[in-house]
Amino acid sequence: MEQNIKSRVVGVDISIKRTTFAIVDIRGNILARDHFPTNEYPNVNDFVTALSEKIIMLTEENGGYDKIRSIGVSAPSANFLTGCIENSPNLPWKGIVPLAALLRDRMGIAVAVGNDGHVTALGEHTYGSAHGMKNFIIVTLGHGIGSCIFSNGEVHFGVDGFAGEIGHTCIKHDGRDCGCGRRGCLEAYCAEKGIVATAREMMEASNEPSLMRSLEELTPRSIVDCCEQGDKMAIEVFRITGETLGITMAAYATVINPEAIIFTGGIANAGHWLFDGVERTFNEHVFHNIRGRVKLLRSTIDDRERDVMGASALAWGIKEYSLFK
Ligand SMILES: [Zn+2]
0 MEQNIKSRVV GVDISIKRTT FAIVDIRGNI LARDHFPTNE YPNVNDFVTA
50 LSEKIIMLTE ENGGYDKIRS IGVSAPSANF LTGCIENSPN LPWKGIVPLA
100 ALLRDRMGIA VAVGNDGHVT ALGEHTYGSA HGMKNFIIVT LGHGIGSCIF
150 SNGEVHFGVD GFAGEIGHTC IKHDGRDCGC GRRGCLEAYC AEKGIVATAR
200 EMMEASNEPS LMRSLEELTP RSIVDCCEQG DKMAIEVFRI TGETLGITMA
250 AYATVINPEA IIFTGGIANA GHWLFDGVER TFNEHVFHNI RGRVKLLRST
300 IDDRERDVMG ASALAWGIKE YSLFK
């Protein structure tokens, strides 16, 4: 019977451009991985068919599908409590998509879905810098801003599963348009598009020279490159972004009183260009009794592995599926 022990899970990360999936063992080792373009599947049923076939292929080539216990999926706008992707502004599939049920019916094993923040929090708690912490906040900085609150050792979902949507809290009345349809959200200032918008506004508002003006593509990464070359305006873009983020994080910490806020995602790679500003305004605005007690940390898990590792932690945490139970 030993060959039937289900000692592995599959972690799946669906992002707008690419879907990555990996076989992960009980120690958190990635045994095999593969990826394919998400946007080649405008119909979600075709996507689920492709994903199922590719998971079967990868697992059969690497020790067999019968060793797989369950599947965890990280996806934008996913709701763990319903198993659905709900009204994602960025994915090609509109409305409510019951992804966990669709995939479970194809694969015959348990499937759970979670959003970026939730899944990343599980990954950090299991394998990363939140190991051993019971109260912390994860903030993912990338295309959007996600977050997850870990409270007394468990994820705090809220009544509908949407707790932690800090990216869509309003920081400026009548501010910039946000992908969610409202205006002035934190995300419109401190996520990818927001940082680029700040850079554009600054370039338009003055005639000062800046390396950013000659960039072929304006992205947070290319703006960081300008910072590294000493470009004043680029440094200013990240200073303003960091200060805005720091003020919001001070409010967040004042409400939640976490042991740490852990930042992950591509924009966290901006390093001190971003976090000097974050720390400055955070310490200035956080409630005095917790000042100096909240650690501001960056994830220690490799960017390319973070989401599938988190998704695998999600998979381990759910009950095995059986038609006979
Ligand atoms: Zn918004």
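As numbered in numbering that gives the first Met the number 0, residues 0 to 324 make up the sequence shown, in order.
Glycine residues also receive a C-beta, built at the ideal position from the N, C-alpha and C atoms.
Check whether the stretch 277 to 291 and the stretch 78 to 89 are in contact - that is, three or more C-beta pairs closer than 8 Å.
Flag = no, the stretch 277 to 291 and the stretch 78 to 89 do not touch.
So does Arg220 have its beta carbon nearer than 6 Å to some heavy atom of ligand 1?
no
Near Met0, which residues of its chain fall below 6 Å by C-beta distance, leaving aside the five closest residues on each side in sequence?
Because Met0 sits at a pLDDT of 47, beneath the cut-off of 50, its placement in the model cannot be relied upon, and the following sentence gives the value as read from the coordinates. Contacts found: none.
Pick from Glu319, Ala259, Ala312: whose alpha carbon is nearest that of Ser146?
Ala259
Quick one: is the Cβ of His167 within less than 6 Å of any heavy atom of ligand 1?
yes
Is any heavy atom in ligand 3 found nearer than 6 Å to the beta carbon of Arg181?
You won't find ligand 3 in this model; what it holds is ligand 1.
At least one CB of chain D closer than 7 Å to the CB of Ala267: is that the case?
Absent from the structure is chain D; it holds one protein chain and no more.
Inter-residue Cα distance where the pair is Trp346 and Ile194:
Limits of the chain in this structure are 0 at one end and 324 at the other, which puts residue 346 out of reach.
Runs of alpha helix (DSSP H) wholly within the stretch 42 to 82 (minimum 4 residues, chain order):
43 to 60
Quick one, are the C-beta atoms of Val8 and Ser69 less than 7 Å apart?
yes
Return the CA-CA distance between Met188 and Thr243, expressed in angstroms with no decimal places.
As written in the sequence, residue 188 is Tyr, which differs from the Met given in the question. A straight line joining the alpha-carbon of Tyr188 with that of Thr243 spans about 8 Å.
From which residue to which residue does the alpha helix (DSSP H) around Gly327 run?
Since the first residue shown for the chain is 0 and the last is 324, residue 327 is missing from the structure and cannot be characterised.
Please classify Leu102 as buried or exposed, where buried requires at least 16 other C-beta atoms within 10 Å of its C-beta.
buried
Taking the alpha carbon of Pro36 as the reference point, which residue from Asn28, Arg297, Phe46 has its own alpha carbon closest?
It is Phe46 whose Cα lies nearest to the Cα of Pro36.
What ranges does the alpha helix (DSSP H) occupy inside the stretch 198 to 275, keeping only unbroken runs of at least 4 residues that lie completely in it?
Qualifying alpha helix (DSSP H) stretches, in chain order: 219 to 227, 231 to 255.
Less than 7 Å between the beta carbons of Ile165 and Tyr40, yes or no?
no
For His284, three-class secondary structure by DSSP:
helix
Counting C-beta neighbours from all protein chains within 10 Å, is the total for Ile13 16 or more, i.e. buried, or is it exposed?
buried
Go through its chain and collect everything with a Cβ distance to Met211's Cβ below 7 Å, but skip five positions before and after it.
Hits under 7 Å: Ala198, Met202, Leu217, Ile222, Cys225, Asp230, Met232, Ala233.
Please look up how many angstroms separate the CB atoms of Thr139 and Gly276, rounded, as I've assumed it's under 8 Å.
About 19 Å; that fails the 8 Å criterion.
Only counting the same chain, and skipping five residues up and downstream in sequence, which positions put a Cβ closer than 6 Å to that of Lys171?
Gly183
CB contact flag (Ile144, Glu186, <7 Å):
yes
For the alpha helix (DSSP H) containing Asp104, name the first residue and the last one.
For Asp104, the enclosing alpha helix (DSSP H) begins and ends at 98 to 106.
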